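Residue numbers (UniProt numbering), protein chains in the order written: chain A, 1 to 373; chain B, 1 to 373; chain C, 1 to 373; chain D, 1 to 373. For each residue, glycine too, the CB sits at the ideal point set by N, CA and C. Values in this document were obtained by computation on a predicted structure and should not be read as measured data.
Number of protein chains: 4
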Amino acid sequence: MTSVFENEDLDHDSVENSMQPADSPELRALYEGFDAEHLMPLWTQIDDLMPMSPKPKAVPHVWKWSTLNALARQSGDLVPVGRGGERRAIGLANPGLGGRPYVSPTMWAAIQYLGPKETAPEHRHSQNAFRFVVEGQGVWTVVNGDPVRMSRGDFLLTPGWNFHGHHNETDEPMAWIDGLDIPFSYQNDVGFFEFGSDRVTDYATPNYSRSERLWCHPGLRPLSGIQNTVSSPIGAYRWEFTDRALTEQLLLEDEGQPATVEQGHAAIRYVNPTTGGDVMPTIRAEFHRLRPGTATPARREVGSCVFQVFEGTGAVILAGQETRLEVGDLFVVPSWVPWSVQAESQLDLFRFSDAPIMERLHFDRTHIEGTDR
Amino acid sequence: MTSVFENEDLDHDSVENSMQPADSPELRALYEGFDAEHLMPLWTQIDDLMPMSPKPKAVPHVWKWSTLNALARQSGDLVPVGRGGERRAIGLANPGLGGRPYVSPTMWAAIQYLGPKETAPEHRHSQNAFRFVVEGQGVWTVVNGDPVRMSRGDFLLTPGWNFHGHHNETDEPMAWIDGLDIPFSYQNDVGFFEFGSDRVTDYATPNYSRSERLWCHPGLRPLSGIQNTVSSPIGAYRWEFTDRALTEQLLLEDEGQPATVEQGHAAIRYVNPTTGGDVMPTIRAEFHRLRPGTATPARREVGSCVFQVFEGTGAVILAGQETRLEVGDLFVVPSWVPWSVQAESQLDLFRFSDAPIMERLHFDRTHIEGTDR
Amino acid sequence: MTSVFENEDLDHDSVENSMQPADSPELRALYEGFDAEHLMPLWTQIDDLMPMSPKPKAVPHVWKWSTLNALARQSGDLVPVGRGGERRAIGLANPGLGGRPYVSPTMWAAIQYLGPKETAPEHRHSQNAFRFVVEGQGVWTVVNGDPVRMSRGDFLLTPGWNFHGHHNETDEPMAWIDGLDIPFSYQNDVGFFEFGSDRVTDYATPNYSRSERLWCHPGLRPLSGIQNTVSSPIGAYRWEFTDRALTEQLLLEDEGQPATVEQGHAAIRYVNPTTGGDVMPTIRAEFHRLRPGTATPARREVGSCVFQVFEGTGAVILAGQETRLEVGDLFVVPSWVPWSVQAESQLDLFRFSDAPIMERLHFDRTHIEGTDR
Amino acid sequence: MTSVFENEDLDHDSVENSMQPADSPELRALYEGFDAEHLMPLWTQIDDLMPMSPKPKAVPHVWKWSTLNALARQSGDLVPVGRGGERRAIGLANPGLGGRPYVSPTMWAAIQYLGPKETAPEHRHSQNAFRFVVEGQGVWTVVNGDPVRMSRGDFLLTPGWNFHGHHNETDEPMAWIDGLDIPFSYQNDVGFFEFGSDRVTDYATPNYSRSERLWCHPGLRPLSGIQNTVSSPIGAYRWEFTDRALTEQLLLEDEGQPATVEQGHAAIRYVNPTTGGDVMPTIRAEFHRLRPGTATPARREVGSCVFQVFEGTGAVILAGQETRLEVGDLFVVPSWVPWSVQAESQLDLFRFSDAPIMERLHFDRTHIEGTDR
């Protein structure tokens with residue numbers, strides 16, 4: 001499998017296309033026949049259709065949180081939230097994807113904004129969704145009737161076909177990011193959608209959702225929940241647990257014990273406790289912490305991912321181009337684009353990706369530059 | 001899960017979008033800000049992005065084999081086969097997909113044509129491929145060095161990253177259909193490609209490939225092949241076995257035994273013998289036989305599929321529109337479009353689909369009209 | 001599958017054995033021939049060999065903790081702990097199993113006792129082991145070099161082939177129960193054993209083991225531990241989490257939410273976080289809490305299990321016979337023996353069983369009396 | 001994991017048991033207390049209970065087919081077949097297993113004999129069963145109402161809880177071997193049993209069972225049977241397929257292709273076509289063919305197996321002791337006993353084992369002498 005990396009110069013461009021016939025009236029007639037019959041020849045398309053390695057139209061891009069946040073606030077002033085539009089969410093539109101609201105070919109990423117005392121009405125859809133909170137608090141998301149508090153650092157799930165709405169209990173607005181598989185669902189025509197209650201079904205504001213009270217006990221599984229579920233039953237993965245897990249990994253590394261993925265780089269994956277696998281069938285979510293001064297080796301991966309800086313400063317190098325990062329900044333890594341991250345301070349990064357799609361369909365590949373992996 | 005079918009009239013169109021603000025200079029400035037920062041709001045996009053049920057851009061369509069075959073023959077006269085273009089394959093381009101060579105959002109289907117004594121050079125790619133032979137013989141496809149005879153009714157595999165080339169041993173041309181996951185791979189940026197030998201690596205013409213000699217013994221597995229493989233190790237699924245399996249199902253039905261999927265409708269799935277599952281991670285393949293006079297109930301399924309008539313005459317009803325079918329005709333069923341087939345004579349149908357994608361990602365749904373399934 | 005329960009009167013005893021031939025010299029010669037050639041006929045054995053439903057030789061039995069504890073203390077005075085005998089463990093010997101140290105045909109259960117400042121030397125074996133602590137503290141078990149604190153209510157693992165030893169840091173003795181699959185391993189000849197260090201390899205006494213620091217964060221998985229493991233990587237399941245999980249289930253029940261397995265009966269299973277499945281391939285472990293006054297319906301299950309009372313008082317009815325229960329008491333339920341538990345006070349019960357064996361080999365069956373399950 | 005093989009001399013015998021206290025009145029009182037309370041100490045039992053490597057009580061043994069067959073014929077004369085005794089089956093009783101009718105701790109193997117026109121009545125049981133036919137023909141086994149022909153070289157299944165009976169259509173007696181998991185079921189108390197019809201429910205004598213007509217088409221799966229089943233749905237694995245599969249492996253080896261498990265040694269495993277895995281949850285079945293002069297390396301495996309010579313002559317070396325083999329001879333290999341087979345002529349061997357138990361519970365280990373595997 002490694003030869004593809006070594007022979008990347010032997011590509012379509014280096015090979016004469018021996019199948020390009022000379023122009024002739026007969027050929028034109030043939031091509032017109034193709035058009036009339038809804039046909040297209042491979043021999044004129046193959047360079048684009050079947051590249052030597054992934055050539056994504058999506059491009060690497062960084063969005064600044066300060067800019068996103070300001071535009072979201074303005075939306076809060078100008079655009080009401082309610083039925084029909086459903087959410088005051090502003091999607092990151094990859095500059096390479098021709099004006100579609102897709103952060104990558106598979107994923108939607110948006111900043112969602114809810115003003116003081118506002119409610120976003122309930123609905124459900126096949127698309128799998130999560131939220132991640134880089135700052136703020138005061139909103140509860142109600143998932144199938146279970147109110148889930150949203151606070152800084154929390155990762156929250158609304159897997160496909162679960163009713164959900166949000167409401168802001170406070171006098172302050174709140175913004176967070178949403179991630180969904182909308183582009184994948186749209187492209188492959190898999191989406192169903194249903195309206196629910198115009199108000200959320202339960203305005204209670206408990207500290208912990210019922211899903212957490214049932215499921216968030218390490219290594220324990222309720223006997224009433226012994227059937228595996230396609231997606232995680234946990235509504236919220238709390239920051240306190242994520243922070244503690246990463247802290248312990250770095251402490252263990254200090255003690256000379258195996259715990260981190262590479263020197264100075266702690267990381268956890270959010271998982272479905274019924275299987276140990278990804279939280280949802282199409283979306284992987286992880287949290288990474290780099291010690292000050294740590295730089296990850298350049299990696300290429302099949303599939304796309306998005307990072308958001310949660311804490312600290314540093315830089316990302318995407319296809320050789322470096323961009324400085326601050327809290328809240330988001331960047332997308334399209335398929336097979338080399339990326340590495342450098343931590344100035346301790347750097348905390350939330351990450352999500354379409355890796356479950358790639359793995360379940362056996363398209364996953366990783367290459368770490370300078371290695372034969 | 002059934003409410004979505006019952007409430008299809010309660011859709012986006014029936015709901016006022018309460019989030020459409022009145023035009024104003026401030027709103028225009030906001031929207032310009034979105035554009036400048038590569039952002040797009042959900043509230044103007046949701047009707048298209050998240051329909052109440054799949055609204056595929058792909059449309060149902062029937063291609064006549066007689067037309068395809070004639071154009072393929074003309075291509076044989078005008079277009080050489082060889083390195084660069086790689087294959088004399090003419091892709092079915094769904095009329096709804098804007099001039100892309102995609103039969104559906106996920107799948108490529110093409111007629112491939114190889115003239116007397118011609119060779120299509122070896123290459124390999126991540127994309128999964130199969131061939132199905134509706135007529136003719138005389139070509140061998142060489143898969144990782146194993147020559148595989150291609151004859152009428154055979155279903156042949158070249159799973160991702162296996163080197164393969166073809167050569168025609170005879171003085172007659174041969175045409176068959178190719179199916180691949182090219183659109184899915186292209187859309188999601190997963191494809192790798194590598195050139196191999198300009199000639200096939202083995203011009204032997206055995207009746208049975210080594211893969212068949214090792215693997216095609218019912219219920220038996222070679223101990224040397226006891227590790228499971230991602231895709232089926234079988235190079236060719238021979239018509240004689242398919243025909244016999246279907247014949248037996250109908251005979252068993254005659255004897256009052258459970259064997260068919262529904263009255264008068266025999267069917268088999270081609271499987272990976274190491275797992276009992278689909279032959280490749282992205283493509284399902286099946287063969288269906290209807291007794292004369294049998295009509296299947298109208299079905300909607302998430303995901304797209306393509307049928308080719310192998311033998312007999314009948315009709316297909318796609319979204320309410322009936323088209324007559326003859327040997328070799330192909331038709332595509334986009335996601336969630338109701339379809340049914342009616343057999344005039346005994347009707348033999350080859351079918352392939354993206355069902356493994358839908359099932360592995362848990363987007364699969366089926367609705368049979370007139371039932372609560 | 002239910003007919004077996006309804007027709008239990010139609011058993012071997014109700015059927016004349018039509019194959020019992022009259023005695024004759026020829027028959028005797030035949031039977032002698034069998035003996036000489038190491039053969040035995042089925043027709044004389046079948047009633048015993050293949051009963052209508054499981055007829056375990058193991059019998060229900062209750063062991064009193066006060067008695068066990070007293071004998072363990074005496075052993076502490078009389079028997080040194082060390083290499084060769086390896087552990088000061090006293091196995092529960094089911095009265096029906098003919099003097100073998102088996103609590104059931106598959107499982108070993110013992111009280112283990114470690115005096116002040118004593119060390120039990122390191123070794124490893126194929127047999128899977130756990131410990132459960134009904135009282136006391138002060139011992140650390142060192143599993144593959146990782147010191148794991150043992151305290152009241154903790155459930156601790158040493159899966160097959162992990163080196164482990166114990167040491168008591170205090171001036172007080174400590175006793176706990178061990179559970180292993182020794183009888184199963186012995187019967188089926190699967191066991192390997194290896195001596196390790198005569199002292200434990202690390203006398204540190206941390207509050208939390210490295211395994212817990214890496215793995216005990218709910219819903220989070222270290223990226224460094226992303227490969228699944230046959231057994232759970234968690235060294236200790238702490239009482240505080242078990243207690244909290246059960247408390248929350250009962251609170252949720254109070255709130256009218258689904259959370260308990262049946263009214264007044266909260267329960268968790270200890271699981272392998274990499275799979276969501278049982279902690280070890282042969283042993284299931286659970287903890288049950290009954291509200292005061294709760295009585296479980298009589299259940300029969302294929303496979304055997306052992307309970308230990310952790311807190312509270314109540315009674316168990318085993319095959320119709322009731323025995324009062326106090327803290328620390330242990331009882332065994334052989335296969336298919338009906339059992340139910342009644343809580344006087346709130347009753348906390350630790351349970352372990354061979355259910356993973358039964359389920360993986362598809363022998364599992366459950367019958368709840370008075371239902372058609 | 002290899003150290004256990006290298007350090008086998010460091011075993012219990014080489015270590016002084018430091019826990020054997022000096023005899024004293026107090027110690028005697030303690031041990032009497034243990035007895036009275038149904039307790040047994042580990043420190044007096046561990047050498048036997050937890051050996052350094054498996055020390056099976058079962059011993060290697062060879063049974064001669066000529067002897068078995070003669071005794072079975074005598075049974076046919078003296079013992080009627082019918083309800084109660086159920087089958088005229090004579091079990092191989094391992095000389096090491098104390099007079100139990102067990103060929104190994106997990107498995108039953110028997111010669112079953114059915115005289116001209118006799119019927120063995122229908123019943124069903126949890127125990128999994130197969131038959132293998134080393135000679136003869138003329139019996140049909142009726143499995144859940146499906147008549148299955150039994151002929152030389154066929155391997156036939158009656159998985160747990162399927163009704164089955166047999167009848168001999170001819171004027172000649174027929175004998176074959178039965179394999180079941182009776183000892184495992186008995187030991188672990190998992191067995192249920194139910195009587196069925198006193199006569200078989202269908203006396204038809206078709207060449208192929210319905211199960212074969214539905215399932216025995218290589219690489220094809222009926223859509224009506226798309227749900228996986230715990231055990232194989234195939235009633236009979238015919239000799240013609242087994243023979244052909246092995247013949248092809250040796251031909252491929254002649255052609256320099258990878259196909260055999262080792263030089264001169266072809267082998268297949270019988271599998272469940274719905275999963276590619278073992279035919280039943282507790283029993284593995286294989287067929288091996290050695291070229292003349294081939295000798296397999298000495299292997300030790302955890303778990304026990306039985307071989308029957310189907311054709312040819314050769315020898316088996318069991319724990320260093322060689323025995324000559326002829327057609328029909330059976331031998332048992334207890335756990336971890338080294339075995340190798342030598343072919344004089346071409347040697348065809350049927351084999352069954354408890355390997356699925358070992359693998360599902362992760363006790364499997366193999367050691368090939370002279371290697372580090």
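Query                                                                                                                                                                                               : Result
Taking all protein chains shown into account, decide if A:V332 is buried (16 or more other Cβ within 10 angstroms of its Cβ) or exposed.                                                            : buried
Under three-state DSSP, which class holds D:S186?                                                                                                                                                   : Note on residue identity: the sequence assigns Tyr, not Ser, to residue 186 of chain D. Three-state result, D:Y186: helix.
Considering Cα atoms alone, identify which of B:E26, B:Q346 and B:A70 is closest to B:M174.                                                                                                         : B:A70
Determine the DSSP secondary structure at C:I234, reduced to helix, strand or coil.                                                                                                                 : coil
Give me the DSSP bridge partner(s) of A:Y113.                                                                                                                                                       : A:A175
Have a look at A:D367 and C:S353 and give me their C-alpha separation to the nearest angstrom.                                                                                                      : The displayed chain sequence assigns His, not Asp, to residue 367 of chain A. Near 45 Å, if we compare the C-alpha coordinates of C:S353 and A:H367.
Would DSSP call A:Y270 helix, strand or coil?                                                                                                                                                       : strand
Rounded to the nearest angstrom, how far is the Cβ of B:P80 from that of A:P233, given a contact under 8 Å?                                                                                         : Contact flag wrong, Cβ pair sits at about 59 Å.
Indicate whether residue 401 of chain C and C:V306 have their beta-carbon atoms separated by less than 8 Å.                                                                                         : Given a span of 1 to 373 for chain C in the structure shown, any question on residue 401 of chain C remains unanswerable.
Within the chosen definition, does the segment 215-231 of chain B reach the segment 266-278 of chain D through at least 3 CB pairs nearer than 8 Å?                                                 : yes
Taking A:T205 as the reference, which of A:E253, A:G138 and A:C216 has the closest Cα?                                                                                                              : A:G138
Between residue 374 of chain C and C:A343, which are expected to be in contact by the criterion C-beta below 8 Å, what is the C-beta distance as a whole number of angstroms?                       : The displayed coordinates of chain C run from 1 to 373. Any statement about residue 374 of chain C would go beyond what the structure contains.
Do we get a CB-CB distance below 8 Å when we pair D:R373 with the residues of chain C?                                                                                                              : no
Report yes if the C-beta distance between A:L97 and A:A58 is below 8 Å; otherwise report no.                                                                                                        : yes
Verify whether the separation of the beta carbon atoms of A:G256 and B:S18 is less than 8 Å.                                                                                                        : no
Count the other CB atoms within 10 Å of the CB of A:P218; is the residue buried (16 or more) or exposed (fewer)?                                                                                    : buried
For a cutoff of 8 Å on Cβ pairs, would you count C:F352 as touching chain A?                                                                                                                        : no
By the three-class DSSP mapping on this structure, what secondary structure does B:G165 have?                                                                                                       : strand
If I measure Cβ to Cβ from C:N207 and keep anything under 8 Å in the same chain, skipping five residues before and after, which residues do I get?                                                  : R149
Closer than 7 Å, Cβ to Cβ, to anything on chain B: give me those residues from the segment 185-210 of chain D, in chain order.                                                                      : R210
Please list, in chain order, all residues of the same chain as D:H12 whose beta carbon is under 6 Å from its beta carbon, the five residues on each side excluded.                                  : D47
Do A:A129 and A:T158 have their C-beta atoms closer together than 8 Å?                                                                                                                              : yes
Residues of chain C with a CB under 7 Å from the CB of D:S345: which are they?                                                                                                                      : Neighbours of D:S345 on chain C: none; closest Cβ ~26 Å, over 7 Å.
Look at the alpha carbon of A:F132 and the alpha carbon of A:G153, and state the distance between them as a whole number of angstroms.                                                              : 7 Å
What are the residues that DSSP puts in a beta bridge with A:L49?                                                                                                                                   : In the DSSP output, where bridge partners are listed per residue, A:L49 has none listed.
List, in chain order, every chain A residue whose beta-carbon is nearer than 8 Å to that of C:I226.                                                                                                 : R269
Considering only residues of the segment 305-337 of chain D, which uninterrupted beta strand (DSSP E) runs meet the minimum length of 3 residues and lie entirely inside it, listed in chain order? : 305-311, 314-318, 321-325 and 330-333
Report buried or exposed for D:N7, applying the criterion of at least 16 other Cβ atoms within 10 angstroms of its Cβ.                                                                              : For D:N7, the predicted model reports a pLDDT of 46, less than 50, meaning its position is unreliable and no value from the coordinates is stated.
From the DSSP output, which residues share a beta bridge with D:E262?                                                                                                                               : D:H265
From the DSSP output, in three-state form, read off C:L361 for me.                                                                                                                                  : coil
Tell me which residues share the same chain as C:G196 and place their Cβ nearer than 6 Å to its Cβ, disregarding the 5 neighbours each side in the sequence.                                        : E122, H123 and F163
So, is B:I226 buried or exposed, given that buried needs 16 or more other C-beta atoms within 10 angstroms?                                                                                         : exposed
Is C:W43 close to chain D, meaning its C-beta is less than 8 Å from at least one C-beta of that chain?                                                                                              : yes
Hey, could you find the ends of the alpha helix (DSSP H) D:D202 is sitting in?                                                                                                                      : Note, D:D202: premise wrong, no alpha helix (DSSP H); not H, not E.
Just to confirm my understanding: we take C:V4, look at its own chain, exclude 5 residues before and 5 after, and list those with CB closer than 6 Å. What are they?                                : Residue placement at C:V4 is flagged as unreliable, the pLDDT there being 38, under the threshold of 50; the coordinate-derived value follows with that caveat. Once the five neighbours on either side are set aside, C:V4 has no close Cβ partner at all.
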